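Have a look at the structure below before the remarks.
Residue numbers (full-length UniProt numbering): 1 to 137.
Shown next, in the form of structure tokens:
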């Protein structure tokens, strides 16, 4: 959470509507420059001057159910500080869609009913105890 003067300064810079949007979805106010937009519609921002180290880059998701799989690979590299230039400026990452990339977004299904569950072909090393009750006389 930011300090009160920083929050008020960001409120003045970004406006009341964007302030309410950020407080609802990010939980903090941030003001920065728009670096680019990916093909899913996510917007990527950066502010080097006022933010703490490793918190200078952030994404405004189109789909408000946040999931890291909504970020394209090139933008993910930039967000995790693996490269300095965003995909819009990097000549190698500018090619947008590669053969191995999915054509559309597939959500991450971990912890859902559709999650991958492997089938085990090995026998259990132990078997649970089955209590046997003696019949009453």
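Glycine is no exception: its CB is placed at the ideal position from the N, C-alpha and C atoms.
Just so you know, these numbers come straight off a predicted model, no measurement behind them.
If I measure Cβ to Cβ from residue i and keep anything under 6 Å in the same chain, skipping five residues before and after, which residues do I get?
i          : result
residue 7  : 29
residue 77 : 83
residue 79 : 57
residue 36 : 44, 86, 88
residue 38 : 72, 75
Near residue i, which residues of its chain fall below 7 Å by C-beta distance, leaving aside the five closest residues on each side in sequence?
i          : result
residue 74 : 87, 93
residue 56 : 46, 47, 48
residue 25 : 64
Locate the alpha helix (DSSP H) running through residue i, then write down its first and last residues.
i           : result
residue 113 : That residue, residue 113, is in no alpha helix (DSSP H); it is neither H nor E in DSSP.
residue 35  : Where residue 35 is concerned, there is no enclosing alpha helix (DSSP H), although the beta strand (DSSP E) it sits in stretches over 33-37.
residue 74  : 73-79
residue 5   : 4-14
Taking 7 Å as the cut-off, does the CB of residue i come closer than this to any heavy atom belonging to the ligand FMN?
i          : result
residue 90 : Among the components of this structure there are no ligands whatsoever, and the ligand FMN is therefore not found.
For the beta strand (DSSP E) containing residue i, name the first residue and the last one.
i          : result
residue 43 : 43-46
residue 57 : 57-60
Assuming contact is defined by CB atoms lying nearer than 8 Å, are residue i and residue j in contact in what I supplied?
i           : j           : result
residue 81  : residue 111 : no
residue 63  : residue 31  : no
residue 107 : residue 67  : yes
Short of 8 Å in beta carbon distance, which residues of its chain neighbour residue i, apart from the five on each side in sequence? Order them along the chain.
i          : result
residue 19 : 10, 11, 29
Point to revise | the stretch 59-72 / the stretch 34-43 touching (three or more Cβ pairs under 8 Å) | key: yes
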